[in-house]
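**Q**
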Amino acid sequence: MFFLILGILIAISGFMISKSSLNIFRYGSILKVSGIAIAILGVLSASIRQIDAGTIGVQSLFGKVNPKVLENGLNFVNPLSQVTIFDTKTQNYTMSQKTSEGEVQGDDAIRVLSADGLEVVIDLTVLYKIMPDKAPAIYKGIGPDYKDKIVRPITRTRIRDNAVYYDAVALYSKRRDEFQSRIYQTIDKDFKSRGLILEQLLIRNINLPESVKKTIESKINAEQDAQKMEFVLQKEKQEAERKRVEARGISDYQTIIALSLTDRQLQYESIKAQKELAASPNAKIIVLGGKGNVPLILNDH
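Going by the UniProt record's numbering, 300 is the number at position 300 of the sequence shown; the sequence numbering is gapless.
(1) Report buried or exposed for T155, applying the criterion of at least 16 other Cβ atoms within 10 angstroms of its Cβ.
(2) Do you know offhand how far I257's Cα is from I250's?
(3) Which one or two residues does DSSP pair with R111 in a beta bridge?
(4) Is the beta carbon of L80 less than 8 Å from the beta carbon of I51?
(5) Please give me, in chain order, every unbroken run of the alpha helix (DSSP H) with length at least 4 that falls completely inside the segment 155–192.
(6) Does the beta-carbon of P67 have 16 or more other beta-carbons within 10 angstroms, so that it is buried, or is it exposed?
(7) Are the beta-carbon atoms belonging to Y128 and I197 less than 8 Å from one another?
(8) Terminal residues of the continuous beta strand (DSSP E) containing G141?
(9) Which partner residues of Q238 appear in the DSSP bridge assignment?
(10) Buried or exposed: which applies to D161, given that a residue is buried once 16 or more other Cβ atoms fall within 10 Å of its Cβ?
(11) Look at the alpha carbon of T99 and the alpha carbon of Q105, and state the distance between them as a whole number of angstroms.
(12) Where does F3 fall in DSSP's three states?
(13) Could you check which residue in I142, I122, D190, A137 has the C-alpha nearest to that of L171?
(14) Report the option in A279, Y93, N75 whose CA atom is closest to the CA atom of residue 337.
(15) Provide the residue span of the beta strand (DSSP E) that contains residue 302, from first to last.
(16) For G141, which residues in the same chain have their Cβ closer than 7 Å to its Cβ, ignoring the five residues on either side in sequence?
(17) For the segment 87–98 against the segment 180–189, are there 3 or more C-beta pairs whose distance is under 8 Å?
(18) When we look at the beta-carbon of R158 and count the other beta-carbons within 10 Å, is it buried (16 or more) or exposed?
(19) Ignore the nearest five residues each way along the sequence and tell me which others in S21's own chain have a CB closer than 6 Å to its CB.
(20) Could you check the C-alpha separation between P153 and K228 for me, to the nearest Å?
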């Protein structure tokens, strides 16, 4: 467009100079030719638009939006048309409590009230992209700043609307996935109606009030202590059962021995022992006639 305007101005100057009575009128023809050439160059350059990969172009001429999008590569357009570039790649919008992470400088986390009336702070990242064929409608109805007009307000509103169905502790622990799935469905529906595709919704962090955190930590510690005590009691029960089985075995053994050892059996065992002792090379003193007819053996060493 710059070359077109410049060429027109130079051509007009050439026509004016050629009609002048001054000595410079001989330069008028040169200026006219140069101006026309530059204007033609400007028309050509303004008529060719390059659209990079991962983007599309939307044309508008005097406020009227062309429904046909410009695809990747070189495109011939009306030189007077304005082309607005839309990114069709996956984009992300982060709302975080940390000042260096979010799209908005400062604390941009989402603060919601849970079902039990507690304030919960949520850090969230939205992954989305636009529908290429809906880009003209987005440009016409929303504008190129759809991120601030659609992505941010819808996400924050839907999270607040759905958080009221959950207690703070449930959001923090066991029902977190359910909550994420629920807000994904509602946000996805709103995005599609406006030409956007919600790819993924990432709940990065859920912060509870300090009093609730301490309560949860105390509960977890109590549960861990109870589990430890249950383990100790179970171990003691197993040890007691082992001792009962051992005592029962000893008792059964003693009963069997008592029934099987008769006087004749004892006398036979005694005779065997005396024979083995007599065959031993060591010197022994054997005293017979002991209590129960059991010999008393004395070693001389």
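By construction, the Cβ of each residue, glycine as well, lies at the ideal position given by its N, Cα and C atoms.
**A** According to the structure data:
(1) Burial call: buried.
(2) Taking the straight line from one Cα to the other gives about 11 Å.
(3) Within the DSSP secondary-structure output, R111 pairs in a beta bridge with V121.
(4) Not closer than 8 Å, so no.
(5) Considered as a whole, the segment 155–192 harbours 168–172, 176–192 as its complete alpha helix (DSSP H) runs of no fewer than 4 residues, in chain order.
(6) Taking all protein chains in view, the Cβ of P67 is surrounded by fewer than 16 other Cβ atoms within 10 Å, so the residue is classified as exposed.
(7) Going by beta carbons, Y128 and I197 fall inside the 8 Å limit.
(8) Where G141 is concerned, there is no enclosing beta strand (DSSP E), although the alpha helix (DSSP H) around it starts and stops at 135–141.
(9) Looking at the DSSP output, Q238 bridges to nothing.
(10) The residue in question, D161, is exposed, as its Cβ has fewer than 16 Cβ neighbours within 10 Å.
(11) In this structure, the alpha-carbon of T99 lies about 6 Å from that of Q105.
(12) Residue confidence is low: F3 scores 47 on pLDDT, short of 50, so the model does not pin down where it sits. No coordinate-derived value is stated.
(13) Checking every option, the nearest Cα to that of L171 belongs to I122.
(14) The shown model of the chain, from 1 to 301, leaves out residue 337, and the question about it has no answer.
(15) Given that the chain is displayed from residue 1 to residue 301, the structure contains no residue 302 and the question cannot be resolved.
(16) Excluding positions up to five away in sequence, the list is empty.
(17) Taking 8 Å as the limit for Cβ pairs, the verdict is that the segment 180–189 does not touch the segment 87–98.
(18) Buried: at least 16 other Cβ atoms inside 10 Å.
(19) Since pLDDT at S21 reaches only 48, below the 50 mark, its modelled position is unreliable, and no value is offered.
(20) P153 and K228: Cα-Cα distance of roughly 48 Å.
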